[in-house]
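Engineer: Have a look at the structure that comes next, please.
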Amino acid sequence: MKIIHFDKTVSTNEYLKRLKNPTEDAVVIADEQTGGRGSKGRSFCSAFGGCYLSALKLYPEKAENCFKIMENAAVAVCKTLDAFGVHAMIKWPNDIFVGDKKICGILIENTLSGDMVSRSIIGIGVNVNNDLTGIEGIATSVKILTGKEISLDAFRFTLIHNLFLPVDEAEYKKRSLVVGKTLTIKKSDGSLFKAKAVAVAENGNLILDDGVQLSAAEVSVL
Ligand code: BTN
């Protein structure tokens, strides 16, 4: 596996997307991103001091099991944070929270070939030592939570190691911030409703207590 490290790049996901015919798994790390991308077309604050990396995995799963890629990434981040003294939870589908504040976002971009995911780009941004001025109300960092700066190299190394471990589905379930809770749910048409989440299905859908399954929605815990 190749590891590429940039002082600065636009987006580590974007870098990997542009690779022509990659033949091996790779990880791209950036100290800063000038155009960090979040989910739903949003930008992602990527100031110096945070952990910004993307892993390229070739043929990681069958297309029908692609949610396992998300499970693996979310659990890898949580296990890494544990190792640095921070206990985090997974807010369905792709955010990592400590209490009511976000510490990490995950952006996965898959390419399908037949019934396989032929390329998965797993982009992870974790607030480690970076300054959160302007977003302190909604975000937190390892530095804020532990009261000290940690080694970014050690953090990245642990995260890369955990990302290439087998999927730990039990850990994903244990870490869910939403299962068992009553949620306010915003659907893609903007409408809001309240419901209790009872499980996350194997395909990644959020199952509500009335049996309805959501494949995409913004949720907040009451
Ligand atoms: C989100 O919270 O909406 C997802 C954020 C994902 C950010 C990471 S940082 C490394 C990789 N490169 C990007 O441009 N985005 C992801």
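For the working numbering, count along the sequence shown from 1 and bump the result up by 22.
A virtual CB, placed ideally from N, CA and C, is assigned to each residue, including glycine.
Which one or two residues does DSSP pair with ALA69 in a beta bridge?
Structural biologist: Your numbering for residue 69 matches position 47 in the sequence shown. Partner(s): none; ALA69 has no beta bridge.
Engineer: Let me confirm a value: GLU129 is counted as buried when at least 16 other C-beta atoms fall within 10 Å, else exposed. Which label applies?
Structural biologist: Residue 129 sits at position 107 when you count from the first residue of the sequence shown. One detail in the question is off: residue 129 reads as Leu in this sequence, not Glu. So LEU129 ends up on the buried side.
Engineer: Quick one: measure Cβ to Cβ for VAL120 and ALA105, integer angstroms, because I've assumed they're closer than 8 Å.
Structural biologist: Working through the sequence shown from its first residue, we reach residue 120 at position 98. Working through the sequence shown from its first residue, we reach residue 105 at position 83. With 8 Å as the limit, VAL120 and ALA105 do not qualify as a contact, their Cβ atoms being about 15 Å apart.
Engineer: Cα separation between GLU131 and GLY71?
Structural biologist: Your numbering for residue 131 matches position 109 in the sequence shown. Your numbering for residue 71 matches position 49 in the sequence shown. Approximately 24 Å between the Cα atoms of the pair.
Engineer: To the nearest angstrom, report how far apart SER237 and ILE144 are at their CA atoms.
Structural biologist: Within the sequence shown, numbered from 1, the residue matching residue 237 stands at position 215. Within the sequence shown, numbered from 1, the residue matching residue 144 stands at position 122. Going from the Cα of SER237 to the Cα of ILE144 covers about 19 Å.
Engineer: Any contact of the stretch 84 to 92 with the stretch 137 to 156, i.e. 3+ C-beta pairs under 8 Å?
Structural biologist: Short answer: they touch.
Engineer: Considering only residues of the stretch 185 to 244, which uninterrupted beta strand (DSSP E) runs meet the minimum length of 3 residues and lie entirely inside it, listed in chain order?
Structural biologist: If we require 3 residues or more, the beta strand (DSSP E) runs fully inside the stretch 185 to 244 come out as 204 to 208, 214 to 222, 228 to 230, 240 to 243.
Engineer: Could you give the distance in angstroms between the alpha-carbon of GLY202 and the alpha-carbon of LEU228?
Structural biologist: For this step, residue 202 is matched to residue 180 along the sequence shown. For this step, residue 228 is matched to residue 206 along the sequence shown. Distance between the alpha carbons of GLY202 and LEU228: 11 Å.
Engineer: Just the C-alpha distance for LYS208 and LYS62, rounded to the nearest angstrom, thanks.
Structural biologist: Counted from its first residue, the sequence shown places residue 208 at position 186. Counted from its first residue, the sequence shown places residue 62 at position 40. Rounded to the nearest angstrom, the two C-alpha atoms are 14 Å apart.
Engineer: Mind pulling the alpha helix (DSSP H) runs of 4 or more residues that sit fully within the stretch 120 to 187?
Structural biologist: Correct list: 164 to 168, 174 to 185.
Engineer: What are the uninterrupted segments assigned as alpha helix (DSSP H) that are 4 or more residues long and contained completely in the stretch 46 to 119, given in chain order?
Structural biologist: Whole alpha helix (DSSP H) segments, 4+ residues: 89 to 105.
Engineer: So, GLU83 versus VAL139, is the Cβ gap smaller than 8 Å?
Structural biologist: Numbered from 1 along the sequence shown, position 61 holds the residue referred to as residue 83. Numbered from 1 along the sequence shown, position 117 holds the residue referred to as residue 139. Yes, the Cβ-Cβ distance between GLU83 and VAL139 is below 8 Å.
Engineer: Is the number of C-beta pairs between the stretch 163 to 180 and the stretch 64 to 80 that are closer than 8 Å three or more?
Structural biologist: Yes, the stretch 163 to 180 touches the stretch 64 to 80.
Engineer: Report yes if the C-beta of ASP29 is less than 7 Å from at least one heavy atom of ligand 1; otherwise report no.
Structural biologist: Translated into the one-based positions of the sequence shown, residue 29 becomes position 7. Incorrect: ASP29 has no Cβ contact closer than 7 Å to ligand 1.
Engineer: From the DSSP secondary-structure annotation, give me the bridge partner or partners of THR31.
Structural biologist: Within the sequence shown, numbered from 1, the residue matching residue 31 stands at position 9. In DSSP, THR31 forms a bridge with GLN55.
Engineer: Could you round the C-beta distance between VAL220 and LEU230 to whole angstroms and report it? I think they count as a contact, below 8 Å.
Structural biologist: One-based indexing of the sequence shown puts residue 220 at position 198. One-based indexing of the sequence shown puts residue 230 at position 208. So it is a contact: roughly 7 Å between Cβ atoms.
Engineer: Do the CB positions of ILE112 and ASN149 come within less than 8 Å of each other?
Structural biologist: For the purposes of this step, residue 112 is taken as residue 90 along the sequence shown, with counting starting at 1. For the purposes of this step, residue 149 is taken as residue 127 along the sequence shown, with counting starting at 1. In this structure, ASN149 does not lie closer than 8 Å to ILE112 by Cβ.
Engineer: On a CA-only basis, which of LYS79, GLY60, GLY212, SER198 is nearest LEU134? Give me that one, please.
Structural biologist: Position 112 of the sequence shown, counted from the start, is the residue given in the question as residue 134. That would be LYS79, whose Cα lies nearest to the Cα of LEU134.
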